[in-house]
Each structure stands twice: as structure tokens, then as C-alpha cells.
Amino acid sequence: MSSSIETLVNREYKFGFVTDIEADTIPPGLGEDTVRAIALKKREPEWLVDWRLKAYRRWVTMREPHWGNVRYDPIDYESQVYYSAPKTAKPIGSLDEVDPKLREAYDKLGIPLKEQQVLAGVAVDAVFDSVSVGTSYREQLGKLGIIFCSLGEAVREHPDLVRKYLGSVVPYSDNFYASLNSAVFSDGSFVYVPPGVHCPMELSTYFRINAANTGQFERTLIIADEGAYVSYLEGCTAPKRDTHQLHAAVVEIIALANATVKYSTVQNWYSGDEEGRGGIFNFVTKRGKCAGANSKISWTQVETGSAITWKYPSVILQGDNSVGEFYSVAVVNHHQQADTGTKMLHLGRNTRSTIVSKGISAGQGNNSYRGRVYVGPKAAGARNYTQCDSMLIGNRCGAHTFPYIEVANDTAQVEHEASTSKIGEDQIFYLQQRGISKENAVSMIVAGFCKDVFKELPMEFALEAQQLLGITLEGSVG
Amino acid sequence: MRPVIGGRLLVVGYWWLVVEQYQLGRDNVLDIRNLQARVAGNDILKGITLTVNAGEVHAVMGPNGSGKSTLAQVLAGNPVYEVTGGTVTFDGRDLLALQPEERAQAGVFMAFQYPVEIPGVSNAYFLRSAYNELRKARGQDEVDPLEFLDIMEKNLTLVDMDPAMLNRSVNAGFSGGEKKRNEILQMAVLRPRLAILDETDSGLDIDALRVVADGVNTLRRPDNAAIVVTHYQRLLNHIVPDFVHVLSAGRIVKSGGKELALELEEKGYDWLEAPAEALA
Ligand SMILES: Nc1ncnc2c1ncn2[C@@H]1O[C@H](COP(=O)(O)OP(=O)(O)OP(=O)(O)O)[C@@H](O)[C@H]1O
Ligand SMILES: [Mg+2]
Chain A
8 MSSSIETLVN REYKFGFVTD IEADTIPPGL GEDTVRAIAL KKREPEWLVD
58 WRLKAYRRWV TMREPHWGNV RYDPIDYESQ VYYSAPKTAK PIGSLDEVDP
108 KLREAYDKLG IPLKEQQVLA GVAVDAVFDS VSVGTSYREQ LGKLGIIFCS
158 LGEAVREHPD LVRKYLGSVV PYSDNFYASL NSAVFSDGSF VYVPPGVHCP
208 MELSTYFRIN AANTGQFERT LIIADEGAYV SYLEGCTAPK RDTHQLHAAV
258 VEIIALANAT VKYSTVQNWY SGDEEGRGGI FNFVTKRGKC AGANSKISWT
308 QVETGSAITW KYPSVILQGD NSVGEFYSVA VVNHHQQADT GTKMLHLGRN
358 TRSTIVSKGI SAGQGNNSYR GRVYVGPKAA GARNYTQCDS MLIGNRCGAH
408 TFPYIEVAND TAQVEHEAST SKIGEDQIFY LQQRGISKEN AVSMIVAGFC
458 KDVFKELPME FALEAQQLLG ITLEGSVG
Chain B
98 MRPVIGGRLL VVGYWWLVVE QYQLGRDNVL DIRNLQARVA GNDILKGITL
148 TVNAGEVHAV MGPNGSGKST LAQVLAGNPV YEVTGGTVTF DGRDLLALQP
198 EERAQAGVFM AFQYPVEIPG VSNAYFLRSA YNELRKARGQ DEVDPLEFLD
248 IMEKNLTLVD MDPAMLNRSV NAGFSGGEKK RNEILQMAVL RPRLAILDET
298 DSGLDIDALR VVADGVNTLR RPDNAAIVVT HYQRLLNHIV PDFVHVLSAG
348 RIVKSGGKEL ALELEEKGYD WLEAPAEALA
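So the protein lines, in turn, are chains A and B.
Residue numbering for the first sequence follows my numbering, beginning at 8 and increasing consecutively.
Residue numbering for the second sequence follows my numbering, beginning at 98 and increasing consecutively.
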């Protein structure tokens, strides 16, 4: 019955092109020498090399986690390439120095790397394979004392900040993939917003996996000092390839007292073909710490790509009155699998968290929400509200919900609501009868379903999400 | 005997020809010939023939389950209903060959007996999208939200609807009457060539009934047409039909002028023989 609807959601992946560019690559395989080779390429200080090695040594003792509601063949970590960088004669200082082929690739992706688009108010850091290729708009930010650069550069230019905060939210021993990332991470973005500064523009990073058999292990570190505000956007794409590619990123956010960090992701890694061949394994650890009182961290994610998504952007609510938010849209189609959700750990008093999760399953996709709400003994007056809705398109897909709630303080209030619905043929026909194509009808209904999440996205990104989901958001959002 | 029958058939055939020319001259909107349709394995429409010309309003009445909504849905192209025979010509085009949205773009509008709720999609956005799709199909430019607001204002007054309803999700949480009013609002905005109103009067209070009827009458023009499905004579006091047809068990068993509706109100449907039995 719904096969017609399914064909609509089975659109071609537009970002599947490969850029033919010379790369500086470390041979496949993983050992202490690989870790050292990466550190050497990046001319890293001793403390960081040691940290990487500790992570590596920890990782070899760990086992790949399999508690997620996802299935895949064993990953051969020995056949992965852990470092691949576009070859350039010297480190890149300005956008003009970026290889034209790279620029072209980014143009194809619709990334506002060009100056005129940069003027539109988005500062961009672009990570191509493993290396950050150019951070725009840096000077203007610099005047405000805001640091926005690649993590590699931050290690060189701002070692004290990096050393203080790297691993402070996601320790190198945290979990299998986080440890792997800590050992081999190649680059990523770094943001520091000084006390009282309201970052006047959205900061944006684009991640792109280009080279074959290359894992991307980027690491992002965001620090909002007391009373600071920053909104950060992350987008990702990868070429179509028949083999699975590993993406094991780590994002750490620290919000000090009265600071607010808003982190938005539109994830559109290649999801594999209709038979489930190829696609990115997206095993990501994202965590924020509301370290100070009245701080706030808000995650918004639109997950449309990847063969497998395994990620739980979380918030540690340590400061009193701190706020954690998680707004998520996860779409699976064909053979995609997503096991995603969040953890809200209420440690401080009067801490509040909101979780809104919208899962859309089509084709033979499998979508699981997994969430943990923990209220510690000292978190008097803590409140959580969770809303978890699933929409099914067709009848070969799956939707699952795994909420874990642990409350150790009896003044806490925890609410959980969940629903599952099918996209209605009657809804589609109703819209068609008004002259709207079936394709747009599906988009409109899905956008309506996701409204509560889309309205959290910054304007620039709402448009991005619209393109990626083929959804007309205008008007139905916010 | 035989030649006589043949002669009569010849006469009948001749009349069809005359009628057809006459109708074409009168700007034919819809021409349904021997339409048959089934749903869920059951034959529902068993041969409907109906001609609607520009400027006409046709009322379709008949008992519950006789196939009135099925006829409306089939004309609108609901894929749940399978057409098993017959033809439908709309403005000279084969209507049955068109997708539902193409039919809408060509000027077919159906007010649903049970309007559908679409959570999270604002009524204003939905209406503007529909309006723009129709404009695009006619090679016209899309209108922006501000221009559209102007258009909406007039139409809101026409159906006496609170503008706040535009910001709510399509039909979600609307009362029965509000949903029906919303259908008429859409009709007013989209200005169809052929409007099919499926029991738009059911569940309306007297004031709302008048609003709906006024809306339809205001939009009634020499170059458009309407098929009004109803159970009640009272709607037809407001929207005076040119023709009344009675549907029973998937066939039109009687057609007449507006006085037929009064007769039905008085006598019910029992006195009309179902043709299935008559022919059996
Ligand atoms: N989608 C459907 N699935 C199954 N049966 C259907 C469907 N739609 C209509 N039918 C059946 O077709 C027959 C005609 O239904 P229809 O809705 O056309 O009647 P109606 O004349 O509009 O009745 P009412 O006056 O009650 O609105 C009924 O027996 C109904 O049960
Ligand atoms: Mg009906």
C-alpha cells in the first residue's frame, strides 16, 4: 500500500561525489606507531602524545559495545586508514589559499565557504577528511576575543585552554569509540567564547569524508566562559562508496556559570544504497557539561544519513538551575539503523531538562530512541520532560523506545510521553486533492511531525535541513 | 417485432446526439459515462451517468451507503477506490488519467465529508502552498506570504472565520463545524471550476449552514459548476440546485428539478425502486 510513499523518500544522495585530490595518507592499521605518526604529522606537544597513547592503551583493553539496537558485521580496525589529509605545501592561512578543487567540492556541497556567503553571517570551519581546511571570519571574531579555529591550531596557539578542557567532559577512557577517537583524532573545531561575550554569528563546521577506507575521527571542543553565548552548527556529508566507513567523533562542550551553548547538527553522511551496501558508521560521543550555575546546553540534531547512527548527545547538569535540552529528528530509510537519544544527568539543584525526539522510519529502516534521565540525590527540585514520537512510513520499518529513568531525589518530577503513528494515506490524499504533489505532501506531513524540533534550528540551518530532508519548512516551522 | 424495436433504438440514438450537441454548446464541465468503481473488493458504483454544465448546481441525494462519497472520491482520484469501468471527461480531458493533484490543478475541488487533520502544518501555509501549486500549474507566479494575506482576508470574511484559525494546524482540534467551514474557505481561495461538496452541511448549526450556503452562492458563477451531496432539503433552500439526482445502491435511480428534493424530504427514499431489483 505504501510502496508509493516509500519511493518518494528514496531520493538520490546528492553529495555522493568524490573529489580527486592528492592526499597525504598514513597506511591502514592501528598501533602505537600509528598514534605516534599522527601526532608527528601534526607536530603535537609531548603531553598530547602521551594522552593519545594512554587512550590507545586503554582502547586495546576495551570491547566494541553491542547493547545498541543495531546490527552490523564486525569492523576490521586494522584495515582502516586513520589519517588522510589533502596535500598542501604549507598550512593554510586564508581562504584564498584553499585548493581550488576543495573549494569546488565545498561549492558542490553548498557550503558557504566563499567570502560573500561568509558575509551572510556564518563563520565556517571545514574539515575535509581529517584536516581543517580553512576557518573564515576569524578576524572579526578575534576582536571579541572569540577563538574559532581547528583543534590542531588551538593545540599550538592556545595550549593552556586545550589542556585544561580536553577530555574534561568525555575522558579518554569513556567508551570504546571515544577512546579510539582520543587515540587517533586528527582534527576538528575549537571554540572559546570569553566571559560575557555573546557570539554575534552562528559558528559552523562542515565535515566531509572524501578518501576511501578512511575513518573520520574529528574532535570538537567548545568552551563558553561565564555569561557567554554561542550557537554552533555542524554539517556532514561523504561520497558514496560500497564499503562502510567509520566515523567516530567526539564533541565536548563546557558551559560555565550563566553561559549558554546551542549546538545544532544536520547529519547527512552517506547512508548506503538500497540494499544496505556501504554507508557511514556514525559512532559518536557528544556530551556537554553545565559546569556553572544557570548555564544551559541545548542539542538539536537532524539525523538523516549514515548506515548506522549511534549517538547520545548528553548533558551533565552540574550547576544549580542549569538547563539541558535535546531536540532530535532521526530519519531512517532503506536499511539504515539509528539508535540515538540522550542522557540528562541531573546533579545540581533545580536543574531542568527537556527531551523532544521525533523518529521517522521508512523502507526497512530501524529507529530506536534510547534515553537516560538520572536525578542524583542532591538534585532537589529537578525536572525532566520527555516526549518521544515515532512515525512509520510503510510497514517494513521499525520504531523502538528505550527510556531509562533513575530518580534518587523524591522532590524531582519526571514526565515521559510517547506515541507511534503511521503516515496517513488519507492525509496525503487530502493534500493532493488541494493540488500538492504526493512528494510535497509527504514532506509537509513529515515537517509538521518534526515541527517542535525544526523550530529549534537556527534559520540558516533550517534551510539546510529543508534541502536535506526535501522538506518545505517555511511556514510550518515556528 | 424486431424492426419496430430497431426503429425505437434509432430514435433514442438520435436524441443522444442532439442532447450532446446541445450540452457541448452549453460549456460542458463534467461528463460521467457508465462509471463503475469498487473498494475493498465490493462493487459500489454500478454505472453512473451524469452530465454537468457550466453554471449548474447538481444535488446528489440518497440513502447512507448508496455511494455518494465514493462518487466524490473517485472523481477526486482517491487511489483507494478502483475504477472498473466507464469514462469521465472534465473540460474535454480524460479525468481518470490524471493524478489527484493534477485534477485539483485542473480545477476539481472536493470538500471532504471527513476533513483530515495534519498536525504541525499551519493552515495558512497549507492554503498558500495549495494556492501556489494551482497558480504554478496555470503558469502564474507564486504569491508571497504577504500578498497571500490580502487574499485570505477577503475569503475569511466570506466564511466568517477567525483569522486565528490560520495559525493553527490544518483541521487539528477543529470542531466539526470549523472543519466544514475550513473546507469552504479552501474552496473560496482555490476557486475551482468544479466543486464537489460532500455533506458539507452535516453537523452544522443553522448559522454555519447559512455561512456555507452563502459562500457557495457567492462563488457560483456562469463559468463554474458544483455537485452538492446532501441529505437535507434545508441546504437546498439556500443553495438552489438546477438538478437533483437520487443515488441508490450505486446507481442514479431518479433525476429531477429542485422539487424532487422536496418530494424526497416528504416521502423518504423507499418509494424509489432500486434499479438492481427492478432489473433483476
Ligand atoms: N474506503 C472504503 N473501504 C471499504 N468500504 C468502503 C470504503 N468507502 C466506502 N465503502 C463502502 O462503500 C459503500 C458506499 O459508501 P459511501 O461512503 O460512498 O456512501 P455514502 O452514500 O456517501 O453514505 P453516507 O450518506 O453515509 O455518507 C458503503 O457500503 C461503504 O461501507
Ligand atoms: Mg458519504
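By construction, the Cβ of each residue, glycine as well, lies at the ideal position given by its N, Cα and C atoms.
Report task. Using the Cα positions of G144 (chain B) and Y178 (chain B), report the straight-line distance between them to the nearest angstrom. Result -> Counted from its first residue, the second sequence places residue 144 (chain B) at position 47. Counted from its first residue, the second sequence places residue 178 (chain B) at position 81. If I take the Cα positions, the gap works out to 15 Å.
Requested in this report: Using 10 angstroms around the beta-carbon of R359 (chain A), count the other beta-carbons present and answer buried if the total reaches 16, otherwise exposed.
Outcome: Counted from its first residue, the first sequence places residue 359 (chain A) at position 352. With 16 or more Cβ atoms within 10 Å of its Cβ, R359 (chain A) is classed as buried.
Report task. Could you run through the segment 352-369 of chain B and flag, in chain order, every residue whose CB is less than 9 Å away from some CB of chain A? Result -> Per Cβ criterion, the list is empty.
Query raised in the report: Near ligand 2, which residues have their beta-carbon closer than 7 Å to a heavy atom?
Result: B:K165, B:S166, B:Q210, B:D295, B:E296, B:V326
Query raised in the report: Hey, is C457 (chain A)'s beta-carbon within less than 9 Å of any beta-carbon in chain B?
Result: Position 450 of the first sequence, counted from the start, is the residue given in the question as residue 457 (chain A). Yes, C457 (chain A) counts as interfacial toward chain B.
Query raised in the report: Interface residues of chain A around L282 (chain B) at Cβ under 7 Å?
Result: What you label residue 282 (chain B) is simply residue 185 of the second sequence in a count that begins at 1. By Cβ distance, chain A contributes nothing, its closest Cβ being about 12 Å from L282 (chain B), past 7 Å.
Query raised in the report: Given that a residue counts as buried once 16 or more other Cβ atoms are within 10 Å of its Cβ, and exposed if not, what is E424 (chain A)?
Result: In the first sequence, residue 424 (chain A) corresponds to position 417, counting from 1. It is exposed - the Cβ of E424 (chain A) has fewer than 16 other Cβ atoms within 10 Å.
Query raised in the report: So does L332 (chain B) have its beta carbon nearer than 8 Å to some heavy atom of ligand 1?
Result: The residue given as residue 332 (chain B) occupies position 235 in the second sequence. No - ligand 1 has no heavy atom lying nearer than 8 Å to the Cβ of L332 (chain B).
Requested in this report: Check whether the Cβ of A137 (chain B) lies closer than 8 Å to any heavy atom of ligand 1, and answer yes or no.
Outcome: By 1-based counting over the second sequence, the position of residue 137 (chain B) is 40. Within the cutoff, so yes.
Query raised in the report: DSSP state of H205 (chain A), grouped into three classes?
Result: Here the question's residue 205 (chain A) lines up with position 198 in the first sequence. Three-state DSSP puts H205 (chain A) in a strand.
Query raised in the report: Using a C-beta cutoff of 9 Å, does A285 (chain B) count as contacting chain A?
Result: In the second sequence, counting from the first residue as 1, residue 285 (chain B) sits at position 188. So no, A285 (chain B) is outside the interface.
Query raised in the report: Considering only C-alpha positions, which residue in the set B:P160, B:G182, B:G204, B:S166 is nearest to L127 (chain B)?
Result: Residue mapping note: residue 127 (chain B) aligns to position 30 of the second sequence, counting from 1. Per the Cα distances, B:G204.
Query raised in the report: Does the distance from the CB of G299 (chain A) to the CB of A262 (chain A) come in under 9 Å?
Result: Locating residue 299 (chain A) in the first sequence gives position 292, where the first residue counts as 1. Locating residue 262 (chain A) in the first sequence gives position 255, where the first residue counts as 1. Cβ atoms of G299 (chain A) and A262 (chain A): closer than 9 Å.
Requested in this report: Mark E53 (chain A) as exposed unless 16 or more other C-beta atoms lie within 10 angstroms of its C-beta, in which case mark it buried.
Outcome: What you label residue 53 (chain A) is simply residue 46 of the first sequence in a count that begins at 1. Counting Cβ neighbours within 10 Å, E53 (chain A) comes out exposed, since fewer than 16 surround it.
Query raised in the report: Going by the CB atoms, is the gap between N321 (chain B) and A285 (chain B) shorter than 9 Å?
Result: Looking up residue 285 (chain B) in the second sequence gives position 188. Looking up residue 321 (chain B) in the second sequence gives position 224. The answer is no: Cβ separation not under 9 Å.
Query raised in the report: Rounded to whole angstroms, how far is the Cβ of D442 (chain A) from the Cβ of T418 (chain A), which I believe are closer than 8 Å?
Result: By 1-based counting over the first sequence, the position of residue 442 (chain A) is 435. By 1-based counting over the first sequence, the position of residue 418 (chain A) is 411. Going by the sequence as given, residue 442 (chain A) is Gly instead of Asp. Wrong, their Cβ atoms sit about 54 Å apart, outside the cutoff.
Query raised in the report: Between I215 (chain B) and chain A, is there a C-beta pair that is closer than 9 Å?
Result: As a position in the second sequence, residue 215 (chain B) is number 118, starting the count at 1. Closer than 9 Å: yes.
Query raised in the report: When the Cα atoms are used, what is the spatial distance from D396 (chain A) to P410 (chain A)?
Result: In the first sequence, the residue the question calls residue 396 (chain A) occupies position 389. In the first sequence, the residue the question calls residue 410 (chain A) occupies position 403. Each residue's alpha carbon lies about 12 Å from the other.
**Report entry** Opposing strand residues paired with D128 (chain B) [DSSP bridges]
**Finding:** Counted from its first residue, the second sequence places residue 128 (chain B) at position 31. BP columns for D128 (chain B) point to B:T148, B:T186.
Query raised in the report: What do you get for N279 (chain B), buried or exposed, if any count of 16 or more other CB atoms within 10 angstroms of its CB means buried?
Result: Along the second sequence, read from residue 1 onward, the residue named residue 279 (chain B) stands at position 182. So N279 (chain B) ends up on the buried side.
Query - Minimum Cβ-Cβ distance from I452 (chain A) to chain B less than 9 Å - result: Working through the first sequence from its first residue, we reach residue 452 (chain A) at position 445. Closer than 9 Å to some Cβ of chain B, the Cβ of I452 (chain A) qualifies, so yes.
Query raised in the report: Is V213 (chain B) helix, strand or coil by DSSP?
Result: The count along the second sequence starts at 1 and reaches residue 213 (chain B) at position 116. Of the three classes helix, strand and coil, the one that applies to V213 (chain B) here is coil, per DSSP.
**Report entry** Status (buried if at least 16 other CB within 10 Å, exposed otherwise) for T393 (chain A)
**Finding:** For this step, residue 393 (chain A) is matched to residue 386 along the first sequence. Classification of T393 (chain A): buried, given that the 10 Å Cβ count is 16 or more.
Requested in this report: Determine the burial state of N314 (chain B): buried for a count of at least 16 other Cβ atoms within 10 Å of its Cβ, exposed for fewer.
Outcome: Here residue 314 (chain B) refers to the residue found at position 217 of the second sequence. N314 (chain B) should be labelled exposed.
Query raised in the report: Taking buried to mean at least 16 other C-beta atoms within 10 Å of its own C-beta, is T311 (chain A) buried or exposed?
Result: Within the first sequence, residue 311 (chain A) is the residue found at index 304, counting from 1. Classification of T311 (chain A): buried, given that the 10 Å Cβ count is 16 or more.
Query - Residue span of the beta strand (DSSP E) that contains V198 (chain A), given as start and end - result: By 1-based counting over the first sequence, the position of residue 198 (chain A) is 191. From DSSP, the beta strand (DSSP E) with V198 (chain A) extends over 196-200.
Query raised in the report: Once you ignore the five residues that flank G348 (chain A) on each side, which residues in its own chain have a CB closer than 6 Å to its CB?
Result: Here residue 348 (chain A) refers to the residue found at position 341 of the first sequence. Excluding positions up to five away in sequence, the list reads Y319, Y376, R377, G378.
Query - Same chain, Cβ closer than 7 Å to F271 (chain B), neighbours up to 5 away in sequence not counted - result: As a first step, residue 271 (chain B) must be located in the second sequence, where it is residue number 174. Answer for F271 (chain B): N279, listed in chain order.
Query - Which listed residue (A:A44, A:Q343, A:K269, A:T32) has its alpha carbon closest to that of E463 (chain A) - result: Here residue 463 (chain A) refers to the residue found at position 456 of the first sequence. E463 (chain A) has its Cα closest to that of A:K269, out of A:A44, A:Q343, A:K269, A:T32.
Requested in this report: Hey, could you find the ends of the alpha helix (DSSP H) R331 (chain B) is sitting in?
Outcome: Here the question's residue 331 (chain B) lines up with position 234 in the second sequence. That run of the alpha helix (DSSP H) goes 330-335.
Query raised in the report: Under the DSSP definition of a beta bridge, which residues are partnered with Q325 (chain A)?
Result: Position 318 of the first sequence, counted from the start, is the residue given in the question as residue 325 (chain A). Paired residues: none, contrary to the question.
Query raised in the report: Mind pulling the alpha helix (DSSP H) runs of 4 or more residues that sit fully within the segment 241-302 of chain B?
Result: 242-256, 273-287
**Report entry** Distance, M258 (chain B) Cα to A227 (chain B) Cα
**Finding:** For this step, residue 227 (chain B) is matched to residue 130 along the second sequence. For this step, residue 258 (chain B) is matched to residue 161 along the second sequence. The alpha-carbon atoms of A227 (chain B) and M258 (chain B) are separated by roughly 19 Å.
Query raised in the report: What's the C-alpha gap between M158 (chain B) and H328 (chain B)?
Result: By one-based count along the second sequence, residue 158 (chain B) stands at place 61. By one-based count along the second sequence, residue 328 (chain B) stands at place 231. Cα to Cα, the separation comes out at about 6 Å.
Query raised in the report: With H205 (chain A) and E281 (chain A) assumed to form a contact (beta carbons below 8 Å), what rounded beta-carbon distance in angstroms separates them?
Result: For the purposes of this step, residue 205 (chain A) is taken as the residue at position 198 of the first sequence. For the purposes of this step, residue 281 (chain A) is taken as the residue at position 274 of the first sequence. The Cβ separation is near 46 Å, so there is no contact.
Requested in this report: Taking S266 (chain B) as the query, report the chain A residues whose CB atoms sit under 8 Å from its CB, ordered along the chain.
Outcome: Position 169 of the second sequence, counted from the start, is the residue given in the question as residue 266 (chain B). Result: G455.
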